[in-house]
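Mapping the sequence shown onto full-length UniProt numbering, position 193 (from 1) lands on 193, and the numbers just tick up by one. Here a beta-carbon is modelled for each residue, glycine too, at the ideal position from N, C-alpha and C. One structure below.
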Amino acid sequence: MVKITESTHLLNASADVPRRHKTRAWVGVVASVLCAGALVGTAWRASSHDQPIESQPAVSLRKRDVVSVAEDAHSEDLAPFYASLESFINASADPCVDFYEYACGNWLAQHDIPSDRAAIDASFYVVDENNKKIIQQIIDQKPPVIGEFYESCMNAPDTDTSSVSYVAELVRRIRLQNSTHDLLTHAGQLDQALGVSSFFSVDVQADPTDPDTDVLTLMQGGLTLPSREYYLDASKLEKYSRLFEKYVSDIFTIEELNQHNATQFTANVLESEVVFANISLTNAQLRDPWSTNVPFKLKDIKEQFPYLWAYLEGVDKQEAVKNVPIIIGTPSYFEKQNSFFQSVDVEHLKDYLVFHVIDSFGDILGDKFRRASHAFHGTIRGQGALPTRQQYCISTTTTYLGAQLGEYYMQNVFGPEAKASAQSLIDQIEDSMRRLLKTEEWLDKATMRAALNKLKHVRNYIGGPDDVPELPFEVEKDKYFDNVLSFMQLAATSKVQDIGKPVDRKRWDMFASTVNAYYEPSANKMVFPAAILQPPFYSANAFPAAANYARIGMVMGHELSHGFDDQGRNYDADGTLRKWWSSSVSEDFQGRAKCLASQYSSFPVYGPDGAFIGNVNGNLTLGENIADNGGIHLAYKAYQLHKAKTGERASEDEREDDKIFFKSFAQQWCEKRSAAYSELLIATDPHSPGRWRVNGPAMNFDKFAEAFQCAAGTPMNPKNKCIIW
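Here it is as structure tokens:
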């Protein structure tokens with residue numbers, strides 16, 4: 001389980017591929033084993049569909065589409081944009097009752113979730129489809145390394161016998177361990193060599209009290225199902241236990257991996273996982289950076305958590321962790337897990353580790369395993385058809401060579417003028433935040449000055465990384481498993497080598513082609529990949545300024561607001577975790593945050609058939625809700641300043657101009673999710689569903705009520721609003 005405070009993404013990074021082992025890639029990018037197969041980058045629910053989606057104007061990804069916001073909005077024909085804007089709308093819905101239904105209703109009625117997807121949306125799909133075409137064109141040109149890797153993937157056999165033999169040998173060595181201590185040490189060796197984390201989550205991140213130094217971070221984890229809640233609900237556990245056993249049985253049909261008794265094997269694995277789930281904190285509890293960043297010395301770990309210490313014995317003989325603190329995010333988890341290790345049968349733990357090793361390789365062992373993996377993991381997330389081999393190979397090529405692909409991608413869609421224009425818009429959003437901080441009456445002067453200083457030192461990274469190092473190994477066109485194994489080994493060893501070393505603050509955790517953005521509190525930086533700076537998020541030629549501010553402006557405001565949300569506010573201008581708010585202002589913030597958490601917890605979530613699934617978890621989604629609300633306020637303010645400066649507006653009628661702004665904002669969040677995927681995201685995703693990413697910020701914003709003339713007390717203009725920024 002990855003700690004939520006690591007960075008705050010605009011969108012759910014797990015997307016249609018929640019199953020992946022997260023490693024620090026050799027170039028400083030998050031590399032992942034993407035098992036769902038379709039191209040999603042690390043973006044949010046970028047979905048495909050059998051028929052073209054009439055979601056936004058069909059605008060090609062041309063460099064000239066990303067230019068200065070200040071250009072005349074009427075320099076080109078905007079008719080396609082306005083036609084699209086109106087085509088989404090359900091005119092029979094009352095925007096003062098349900099603005100999301102009003103803004104997205106017609107789109108929702110016309111689109112179904114594709115069979116090979118867990119969700120579909122109206123905006124990210126456009127960039128994703130363009131990305132697929134661009135990346136396929138790049139691959140077809142067979143550039144060095146990229147061409148060989150893709151070809152190796154496409155030519156991989158249905159069952160790769162040599163790779164199965166490799167994994168079978170890993171299983172054999174696990175079976176040779178004589179004690180729980182030895183098994184944990186062996187698990188540490190597997191993590192150090194291959195990046196396969198099993199009993200808990202292992203990562204390397206900036207030290208929260210010394211953000212210039214990378215340190216080892218250990219968190220609860222070890223679960224196959226998406227979250228602890230899946231194990232604590234008896235009916236849900238029974239349902240997925242049967243699916244789990246079927247998955248294990250399918251794996252065991254390969255003789256070299258057969259553990260002989262699938263039923264008993266499954267029971268032993270789940271025995272451990274149920275314990276791990278019961279001793280885990282909730283995802284909402286993991287949001288507290290103070291309780292989830294506890295520094296330990298190695299000798300203290302040996303005394304308090306001897307089995308964790310045994311694991312660290314396997315990590316480079318502990319050489320890397322001798323002279324720097326180790327951050328333990330969930331001490332209570334390791335304390336209780338240690339007690340469990342003292343009493344459990346080591347053979348049961350061997351079954352657990354064997355399964356996690358096989359599962360971590362899964363789809364790269366051949367299509368037979370990919371089908372078995374998809375039948376299990378795809379069902380959990382509500383995804384139907386298995387992606388084609390071509391889709392899968394595009395995805396894995398992007399996963400492992402996304403930085404290299406990014407160089408070609410940038411040549412297609414992003415130039416120096418685009419970067420300058422994006423920075424100009426960020427500057428305007430930051431100016432809005434500066435003005436807001438200076439006028440917030442609940443901030444005292446000392447806290448306001450510190451907040452302004454933090455704002456001043458925010459670093460912005462736009463487009464893609466400047467440098468991509470060469471691979472230190474050769475990629476061969478007929479050895480797919482060996483190629484992936486080399487990437488896994490390199491990422492794992494690089495992770496250990498980073499411990500105690502200076503943090504690379506310019507490091508990118510996304511690719512240029514990733515349709516997403518993020519704020520990283522430990523570096524006080526925002527990152528905007530080239531992909532999200534394209535239509536339908538932004539186009540100076542095809543969109544009026546109102547839409548550009550409402551879309552990409554809101555995205556930028558969202559990320560900036562993360563620096564001052566319930567987590568980000570605990571980090572100062574340098575990214576150090578410390579208390580820099582006065583106690584009275586902090587109490588005021590907490591009261592406002594409690595209002596927002598309570599408000600969102602009352603929002604229901606329904607499946608595509610209208611069946612009630614549950615309510616939004618207002619505590620889990622608090623940071624993203626703060627960012628969504630702050631983002632729209634900052635974007636609106638920046639647009640008003642832009643109009644005052646340039647005179648450019650979508651309509652001479654002020655109220656109509658605001659309507660265009662709010663409709664443009666809403667329509668980038670139109671979406672449909674399968675019931676299973678909605679259930680998963682309620683439990684795991686720190687973002688609210690699209691309906692509430694629209695209605696929540698709108699009902700808390702008086703300018704929305706003024707634009708649509710919503711009477712006080714109507715659902716979209718409640719008398720009690722929850723406002724932080």
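Sorry if obvious, but does the Cβ on K663 come closer than 7 Å to a heavy atom of the ligand GTP?
Among the components modelled here there is no ligand, and therefore nothing to report on the ligand GTP.
Specify the secondary structure class of T217 as computed by DSSP and reduced to three states.
strand
Using a Cβ-Cβ cut-off of 8 Å (strictly less than) and excluding sequence neighbours within five positions of L257, which residues of its own chain qualify?
V164, V167, A168, V171, I251, I358
If you check the beta carbons only, do R569 and S664 fall under 8 Å apart?
Not in contact: R569 and S664 (Cβ atoms no closer than 8 Å).
How about Q205 and S522: are their beta carbons less than 8 Å apart?
yes
Three or more C-beta pairs below 8 Å linking the stretch 403-422 and the stretch 611-624
no
A451 burial status per 10 Å Cβ neighbour count (16 or more: buried):
buried
Does K721 come out as helix, strand or coil in the three-state DSSP assignment?
coil
Between V585 and W442, which are expected to be in contact by the criterion C-beta below 8 Å, what is the C-beta distance as a whole number of angstroms?
7 Å
For a quick check, are the C-beta atoms of G382 and S162 less than 8 Å apart?
By the CB criterion at 8 Å, G382 and S162 fall outside the cutoff.
Indicate whether the contact test is met: 3 or more Cβ pairs, each with one atom in the stretch 117-133 and one in the stretch 323-341, closer than 8 Å.
no
Below 8 Å, can you find three or more Cβ-Cβ pairs linking the stretch 511-531 to the stretch 555-565?
Output reads yes: the stretch 555-565 touches the stretch 511-531.
Label W290 either buried or exposed according to how many other C-beta atoms from any shown protein chain fall within 10 Å of its C-beta, with 16 as the threshold for buried.
exposed
Could you check whether the stretch 372-379 touches the stretch 256-271, counting it as contact only if at least three pairs of C-beta atoms, one from each stretch, sit closer than 8 Å?
no
So, for E440: in the same chain, excluding its five sequence neighbours on each side, which residues have a beta-carbon less than 6 Å away from its beta-carbon?
Setting aside the 5 residues that flank it on each side, E440 has no residue in the same chain whose C-beta is closer than 6 Å to its C-beta.
Would you mind sorting A109 into buried or exposed? The rule is 16 or more other CB atoms within 10 Å of its CB.
exposed
Suppose the cutoff is 6 Å on Cβ atoms and the five residues either side in sequence are ignored; what does the same chain contact list for C670 look like?
C104, W107, A122
Can you say whether S343 is buried or exposed, counting buried as having 16 or more other CB atoms within 10 angstroms of its CB?
So S343 counts as exposed.
Paired residues, beta bridge with L614 - DSSP
Rather than Leu, the amino acid found at residue 614 in this sequence is Gly. V605, per the DSSP bridge assignment.
Rounded C-alpha distance that separates Q177 from L184:
9 Å
Distance check for I174 and A697, CA to CA, integer angstroms please.
A quick correction: the sequence has Pro, not Ala, at residue 697. If you take the alpha carbons of P697 and I174, they lie about 52 Å apart.
Distance between N629 and N717 (C-alpha atoms, nearest Å):
15 Å
Cutting at 8 Å between CB atoms, please list the residues of its own chain near F528, excluding the five before and the five after it.
A422, I426, N460, Y461, I462, G463, A517, V555, M556, E559
So, at 6 Å on beta carbons, what are the nonlocal neighbours of G614 in its own chain, with the 5 sequence-adjacent residues on each side left out?
V605, I682
Roughly how many whole angstroms lie between the Cα atoms of L78 and A512?
Cα to Cα, the separation comes out at about 28 Å.
Between which two residues does the beta strand (DSSP E) harbouring P529 extend?
Here the beta strand (DSSP E) through P529 covers 525-529.
Under 8 Å between the Cβ atoms of I380 and A119?
no
Going along the chain, which residues of its own chain have a beta-carbon closer than 8 Å to the beta-carbon of Q136, five neighbours each way excluded?
I394
Own chain, CB closer than 7 Å to E229, minus 5 neighbours either side, in chain order:
A683
Where do the N-terminal and C-terminal ends of the beta strand (DSSP E) with E169 fall, by residue?
E169 -> not in any beta strand (DSSP E); alpha helix (DSSP H) instead, spanning 161-175.
Any idea what DSSP makes of N240, helix, strand or coil?
In the sequence on display, residue 240 carries Tyr and not Asn. Y240: helix per DSSP, three-state reduction.
Taking the alpha-carbon positions, what's the S32 to Y400 distance?
For S32, the predicted model reports a pLDDT of 34, less than 50, meaning its position is unreliable and no value from the coordinates is stated.
What does K672 pair with, by DSSP beta-bridge criteria?
I120
The stretch 473-486 / the stretch 86-101 touching (three or more Cβ pairs under 8 Å):
no
Does any residue of chain B bring its CB to less than 8 Å from the CB of Q489?
Protein chain content of the structure displayed is limited to a single chain, and chain B is not contained in it.
Within 10 angstroms of its Cβ, does N261 collect 16 or more other Cβ (buried), or is it exposed?
exposed
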